[in-house]
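A.B. asks: First, the structure itself, so that you have it in front of you.
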Amino acid sequence: MGNCAPVSSKGRQQQQQRWSSSATAMVIRADGKMEEYETAVPAGRVAARSPGYYVCSGEAMQVGARPPVVGEAEQLQPGKLYFLLPLSYSRRPLSLPDLCRLAAKASAALRQPF
Numbered sequence: 001m002g003n004c005a006p007v008s009s010k011g012r013q014q015q016q017q018r019w020s021s022s023a024t025a026m027v028i029r030a031d032g033k034m035e036e037y038e039t040a041v042p043a044g045r046v047a048a049r050s051p052g053y054y055v056c057s058g059e060a061m062q063v064g065a066r067p068p069v070v071g072e073a074e075q076l077q078p079g080k081l082y083f084l085l086p087l088s089y090s091r092r093p094l095s096l097p098d099l100c101r102l103a104a105k106a107s108a109a110l111r112q113p114f
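Read in the UniProt record's numbering, the sequence shown has 92 at position 92, and its numbers run on one by one without any break.
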């Protein structure tokens, strides 16, 4: 996704350690809070809790491309970062400011204590 928000070296190390060693699938909600799932959960179940939103993999986001929808039956993978995005995002390409806002939300959520 790229870095758009400054993070100190210590903060960056803590984020990377939490993210890479996590045995949970992490979902960043629209309000910036993070949900973690320790067991396999289908994307459709996560999205059903937030009508008007869909699950997108953080790894699949690119500037100038529409953020792809994770299939309802697809299991969220441990150690991966996902976003709950408004359905309107699936109909238009992401801009650099869009991606930066999402990166800042993820960064803030990952800095929260365990």
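Glycine included, every Cβ here is placed at the ideal spot set by N, Cα and C.
By DSSP's criteria, Y37 is part of a beta bridge. Which residues make up the other side?
C.D. replies: Paired residues: A25.
A.B. asks: Starting from the Cα of V70, find the closest Cα among V55, F83, R29 and L84 and give me that residue.
C.D. replies: Checked all of V55, F83, R29 and L84; the closest Cα to V70 is V55.
A.B. asks: What first and last residue would you give for the alpha helix (DSSP H) that runs through V46?
C.D. replies: Unbroken alpha helix (DSSP H) run through V46: A43 to A48.
A.B. asks: Please state whether DSSP places S88 in a helix, a strand or coil.
C.D. replies: Three-state DSSP puts S88 in a helix.
A.B. asks: What are the start and end residues of the alpha helix (DSSP H) that includes S95?
C.D. replies: Counting along the chain, S95 falls outside any alpha helix (DSSP H), and DSSP gives it neither H nor E.
A.B. asks: Between A30 and Y53, is the Cβ-Cβ spacing less than 9 Å?
C.D. replies: Yes, the pair counts as a contact, with Cβ atoms nearer than the cut-off.
A.B. asks: Please classify G11 as buried or exposed, where buried requires at least 16 other C-beta atoms within 10 Å of its C-beta.
C.D. replies: Interpretation of G11 is limited by its pLDDT of 47, a score under 50 that renders its predicted location unreliable; the figure taken from the coordinates is listed afterwards. That one is exposed.
A.B. asks: Helix or strand or just coil, what does DSSP make of L76?
C.D. replies: In the structure shown, L76 sits in coil (DSSP, three-state: anything other than H, G, I, E or B).
A.B. asks: Would you report the Cα separation of L99 and M61, rounded to the nearest angstrom?
C.D. replies: C-alpha separation (whole angstroms): 8 Å.
A.B. asks: In the DSSP assignment, the beta strand (DSSP E) including V55 goes from what residue to what residue?
C.D. replies: V55 -> beta strand (DSSP E) spans Y53 to S57.
A.B. asks: Near G44, what residues of its chain come up, given a Cβ to Cβ distance below 6 Å and the 5 sequence neighbours on each side ignored?
C.D. replies: Excluding positions up to five away in sequence, the list reads E72.
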